[in-house]
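Peer 1:
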Amino acid sequence: MSSVSFDYIIVGAGSAGSVLANRLSKDPSTSVLLLEAGPEDKSPMIKIPGAFAYFMYSKKYNWQYNAESVADIRHGQPVFCPRGKTLGGSSAVNAMVYIRGHRSDYDRWEAAGNEGWGYDHMLPYFKKSETNERGADDFHGDKGPLYVSNTQNTYPLNECFLKGSVQAGYPVTDDFNGPQFEGSGYYQFTIKGGERCGVSRGYLTPVRDRKNLFVECEAFVDRIIFDRDSDSTEKTAQGVEYTQNGQTFIATARKEVILSGGSFNSPQTLMLSGVGAKEELAQHGIDVVHDLPGVGKNLQEHVDACVLVKSKKKDGFSTSPTGLLKMLPDTLKYMTSKTGNLANSITQAGAFLKSSPEVDVPDIQMHFVPLLFDDCGRDLGLLSGHGYSLHVCVLRPKSRGKLSLRSADPRAPIKIDFNFFAEEEDRKVMVNGIRVARKILATEAFDEHRLEEIHPGPAVESDDALLQKCKDKLGLVYHPVGTCKMGNDPMAVVDSQLRVHGLKNLRVVDGSVMPSLVSGNTNGPIIAMAEKAADLILNPPSNTSAVQESRKTEDVHA
Ligand SMILES: Cc1cc2nc3c(=O)[nH]c(=O)nc-3n(C[C@H](O)[C@H](O)[C@H](O)COP(=O)(O)OP(=O)(O)OC[C@H]3O[C@@H](n4cnc5c(N)ncnc54)[C@H](O)[C@@H]3O)c2cc1C
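Position 445 of the sequence shown, counted from 1, bears residue number 748 in my numbering, the numbering being contiguous throughout.
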């Protein structure tokens, strides 16, 4: 088994890991090893924004997780949990919507004791990360690696959605990430010149020739190596053990190991390495390095349900013979000019609205899709019809799920239990959200398109019946977070500098550290968080010692 040494080892080249690799390797005297379980992002399909659904079937570029089945959710079928597995991670397979969330999301983190994570602290990192097509202003940057562009609005149905929102009495906004979050409008996207601009293109490609940055693909990290024999109460992460081409390697970190494997894999790697709830580790025969009960807990997701409407017209997207015929000129247009439907995300318009007048901050997000779209495009029967869908998600779910190990085998996928709708509030927001969606879809703006509502179905009216219909087609927006949450309470996994509590030289930087889910899509927020993390690593706040503050551990298991 060979062993090599670096200053930093980053596990996972996704949205967070790629940002870190870029920023930490800026100084040529600092060596950085970036380990990615998936292959290089060579597939030309990654570049094509309209090829989104292709990756939902790919085992090569997608971990293809499934949540544990629940009898009354999707009729007992497991809920699909795609995650990107290549350079760029989930930013290589996502729908490219660029959203930051509401200012109060970050202020809530700060109020919970996470100093430096409030909105005013985060805004400079959002600006640093982007080059917005609209140019720089108080909210946007024009020099960052991530290109953010306007949609080209390729489907006339999108205009119906915006008109319908106004007719239903809702506001419109020109920039969800600017002064007015609330309203309906066109999304912006991480697309540049008709091609996806994920973090691989934005942050990695421009620096791949750095002599001090070592990127290894198809390199699966099995575990973190600790100085288990040391007498210190705080063990030190010394490196990682990883497998590549059937061979096992050890890489050691002179400064830090940073986990950026995403909200499912980072907690799994911690547990497999002996960091987690000691009772759970014992069940799998894993020696405890540090008893940290919050690992894998506090799982949150944007639960999503939809209203599906069959259309009289055939101007949306469909895999019907007419729809497929229309794709031929689309393909030609894309090949010759990188414009048209294939150059854009399939969801172009959306909204952040209040599910009821009593709510202060929008608590539902909508994605309008000009086709009959469910299960991440995997419901092929639906796709072959003509119609449109309005997806609604609960923005700040109260329910908390958990991850647990299936076995001590690093290749066994983690068990995912979302604990959907455990909280009454989530059920209420979901049902009211569907009513808001129906109100918009029932406006005059859609009259020339509307044939019939096929889901939940016009006869479904009561709260209970609507909730069950939501459950029958329940989906996700693929934003799992919180499983290594930042904080100071006994269930927190990392501190406000993202250092793992009770261990040395180990950080987690990815979606898993969000204490609570932001009100919107998570790629932009995770990239900004990684920008901040890079700053914390390179310029540690002067009042912090290498040894973390000790936390009270009583009541941990309460
Ligand atoms: C289908 C889909 C659609 C989405 N649409 C949007 C959208 O439109 N807008 C938006 O803002 N967000 C969207 N998201 C969410 C967003 O892309 C993710 O929240 C974000 O990319 C997650 O970043 P991350 O760094 O936490 O993890 P990831 O980007 O998932 O990166 C983790 C990386 O670590 C690697 N890895 C994991 N374990 C190991 C290991 N043991 N060894 C080595 N490498 C490992 C993985 O292969 C992966 O490359 C979507 C996500 C999906 C899956």
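Using N, Cα and C, we set each Cβ at its ideal position, and we do this for glycine too. A quick note: this is a predicted structure, and the numbers were derived from the prediction, not measured.
Alpha helix (DSSP H) containing residue 421: first to last residue?
Peer 2: Looking at the DSSP string, residue 421 is not in any alpha helix (DSSP H), and its letter there is neither H nor E.
Peer 1: Which word fits residue 818, buried or exposed, when buried means at least 16 other C-beta atoms lie within 10 angstroms of its C-beta?
Peer 2: Burial call: buried.
Peer 1: For residue 362, is the beta carbon positioned less than 7 Å from some heavy atom of ligand 1?
Peer 2: No, ligand 1 has no heavy atom inside 7 Å of this Cβ.
Peer 1: What do you reckon, is the C-beta of residue 826 under 7 Å from a heavy atom of ligand 1?
Peer 2: Yes, the beta carbon of residue 826 sits closer than 7 Å to at least one heavy atom of ligand 1.
Peer 1: Let's test the definition: count the other Cβ atoms within 10 Å of the Cβ of residue 850 and tell me whether it reaches 16, buried, or not, exposed.
Peer 2: Note that residue 850 has pLDDT 38, beneath the 50 cutoff, so the model's placement of it is unreliable and no number is given.
Peer 1: Measure the beta-carbon distance from residue 801 to residue 836 and round it to whole angstroms, keeping in mind my assumption that it falls under 8 Å.
Peer 2: Yes, they are in contact, since the Cβ atoms of residue 801 and residue 836 sit about 5 Å apart, within 8 Å.
Peer 1: Could you check how far apart the C-beta atoms of residue 700 and residue 820 are, in whole angstroms? I think they sit under 8 Å.
Peer 2: Going by Cβ atoms, the distance from residue 700 to residue 820 rounds to 7 Å, so yes, they are a contact pair.
Peer 1: Please list the segments of the beta strand (DSSP E) lying wholly inside the stretch 370-453, counting only runs of 3 or more residues, in order along the chain.
Peer 2: Correct list: 433-435 and 449-453.
Peer 1: Pick out the complete alpha helix (DSSP H) segments inside the stretch 738-794, 4 residues or longer, and give them in chain order.
Peer 2: Here the runs fully enclosed are 766-775.
Peer 1: Is there at least one non-hydrogen atom of ligand 1 closer than 7 Å to the beta-carbon of residue 386?
Peer 2: Residue 386 Cβ: within cutoff of ligand 1.
Peer 1: I want to know whether the stretch 702-716 touches the stretch 433-450 - three or more CB-CB distances under 8 Å.
Peer 2: In short, these stretches do not touch, since the Cβ pair count stays below three.
Peer 1: For the alpha helix (DSSP H) containing residue 463, list its first residue and its last residue.
Peer 2: Run containing residue 463: 460-470, per the alpha helix (DSSP H) assignment.
Peer 1: Please state the DSSP three-state secondary structure of residue 810.
Peer 2: In this structure, residue 810 counts as strand in the three-state DSSP scheme.
Peer 1: Short of 7 Å in beta carbon distance, which residues of its chain neighbour residue 795, apart from the five on each side in sequence? Order them along the chain.
Peer 2: Taken in chain order, the residues that qualify are 597, 788, 789 and 804.
Peer 1: Candidates 761, 604 and 558: which alpha carbon is nearest residue 567's?
Peer 2: Minimum Cα distance to residue 567 is reached at 604.
Peer 1: Going by C-alpha distance, which of 733, 751 and 430 is nearest residue 774?
Peer 2: Closest option to residue 774, Cα to Cα, is 733.
Peer 1: With a cut-off of 8 Å, do at least 3 Cβ pairs link the stretch 360-378 to the stretch 586-597?
Peer 2: No: fewer than three Cβ pairs fall under 8 Å.
Peer 1: Would DSSP call residue 583 helix, strand or coil?
Peer 2: Here residue 583 sits in helix by DSSP.
Peer 1: Using the C-alpha atoms, what's the distance from residue 351 back to residue 636?
Peer 2: Cα-Cα distance, rounded: 12 Å.
Peer 1: From 834, 841, 839 and 780, pick the residue whose C-alpha is nearest to that of residue 426; which is it?
Peer 2: The residue with the shortest Cα to Cα distance from residue 426 is 834.
Peer 1: Going straight from the alpha carbon of residue 322 to that of residue 563, what length do you get?
Peer 2: So the two alpha carbons sit approximately 10 Å from each other.
Peer 1: So, residue 640 versus residue 399, is the Cβ gap smaller than 8 Å?
Peer 2: The answer is no: Cβ separation not under 8 Å.
Peer 1: Restricting to Cα atoms, I'd like to know which of 697, 477 and 717 is closest to residue 729.
Peer 2: Ranking the options by Cα distance to residue 729, first place goes to 697.
Peer 1: As a quick exercise: from 497, 376 and 420, pick the residue whose alpha carbon is nearest that of residue 436.
Peer 2: Ranking the options by Cα distance to residue 436, first place goes to 497.
Peer 1: Check the DSSP bridge columns for residue 669 and list the partner residues they point to.
Peer 2: Residue 669 is bridged to 654 and 695.
Peer 1: DSSP state of residue 823, grouped into three classes?
Peer 2: Residue 823 falls in the coil class under three-state DSSP.
Peer 1: With distances taken from CA atoms, which of 785, 841, 342 and 726 is nearest residue 519?
Peer 2: Per the Cα distances, 342.
Peer 1: Taking buried to mean at least 16 other C-beta atoms within 10 Å of its own C-beta, is residue 302 buried or exposed?
Peer 2: For residue 302 there is no data in the structure shown, the boundaries of the chain being 304 and 861.
Peer 1: Does residue 273 come out as helix, strand or coil in the three-state DSSP assignment?
Peer 2: As shown, the chain starts at 304 and ends at 861. That puts residue 273 outside it, with no answer to give.
Peer 1: Using the three-state DSSP reduction, which class does residue 834 fall into: helix, strand or coil?
Peer 2: DSSP places residue 834 in helix when its eight states are reduced to three.
Peer 1: Check whether the Cβ atoms of residue 407 and residue 664 sit closer than 8 Å, and answer yes or no.
Peer 2: Yes, the Cβ-Cβ distance between residue 407 and residue 664 is below 8 Å.
Peer 1: Check whether chain D comes within 8 Å of residue 404, counting only Cβ atoms and requiring the distance to be less than that.
Peer 2: The structure shown contains no chain D; it is built from a single protein chain.
Peer 1: Which class does residue 690 belong to by DSSP, given the choice of helix, strand or coil?
Peer 2: Here residue 690 sits in strand by DSSP.
Peer 1: Give me the DSSP bridge partner(s) of residue 365.
Peer 2: Answer is 387.
Peer 1: With H, G and I counted as helix, E and B as strand and the rest as coil, what does DSSP make of residue 539?
Peer 2: DSSP places residue 539 in strand when its eight states are reduced to three.
Peer 1: Run the proximity test for residue 340: is its beta-carbon closer than 7 Å to any non-hydrogen atom belonging to ligand 1?
Peer 2: Yes, Cβ of residue 340 sits closer than 7 Å to a heavy atom of ligand 1.
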